[in-house]
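Shown next, in structure tokens, is the structure this report addresses.
Numbering (my numbering), first residue to last: 54 to 223.
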């Protein structure tokens with residue numbers, strides 16, 4: 054499976070909404086896209102840290118490059134990740150049946166914003182990154198965040214199953 058960059062995965066949140074007459078079906082489709090998007094984003098982030106850890110054991114420069122690429126990609130993560138800034142999350146949240154799902158997605162995306170802040174606070178430059186990689190400090194810095202990511206993704210998946218169970222009413 055090809056994983057796009059974080060900035061590419063965030064485009065779904067910026068997409069304008071064209072209302073359709075089949076509102077429930079439309080919201081379910083959006084929910085499916087968001088759930089898949091969260092899965093891809095989590096996979097991409099976990100793989101980056103996993104690869105950086107493996108590479109660090111052999112070649113710290115390659116590990117540093119992987120993290121620098123992630124940090125460059127995170128520069129494109131902006132307030133669109135927030136529920137109040139995303140047309141898609143707002144559209145889902147106005148329907149009470151999808152409100153919890155929209156909130157779980159917003160919390161997941163907030164976790165990604167937290168990662169951006171965490172990395173920016175702890176790695177102001179390449180010298181700091183080199184020091185963290187050599188001491189395995191990067192794994193310590195991101196360890197708790199990776200646990201948070203798993204928790205947030207679990208909530209997204211749980212709420213997704215709930216919205217997929219909603220019956221069509223005629």
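Where is the CB? At the ideal position from N, CA and C, for every residue including glycine.
Exposure of residue i, with buried meaning 16 or more beta-carbon neighbours within 10 Å
i	result
residue 220	exposed
residue 78	exposed
residue 169	buried
residue 120	buried
residue 155	buried
residue 70	exposed
residue 74	exposed
C-beta contact flag for residue i and residue j at 9 Å
i	j	result
residue 72	residue 141	no
residue 213	residue 76	no
residue 145	residue 80	yes
residue 124	residue 173	yes
residue 65	residue 100	no
* Asked: Are there three or more Cβ pairs, one per stretch, closer than 8 Å when the stretch 136–150 is compared with the stretch 192–212?
  -> no
* To do: Could you name each continuous alpha helix (DSSP H) segment of 4 residues or more that falls completely within the stretch 139–166, going from the start of the chain to the end?
  => Listed in chain order, they are 140–146.
* Is the stretch 159–177 touching the stretch 197–205 in the sense that three or more CB pairs, one from each, lie closer than 8 Å? -> yes
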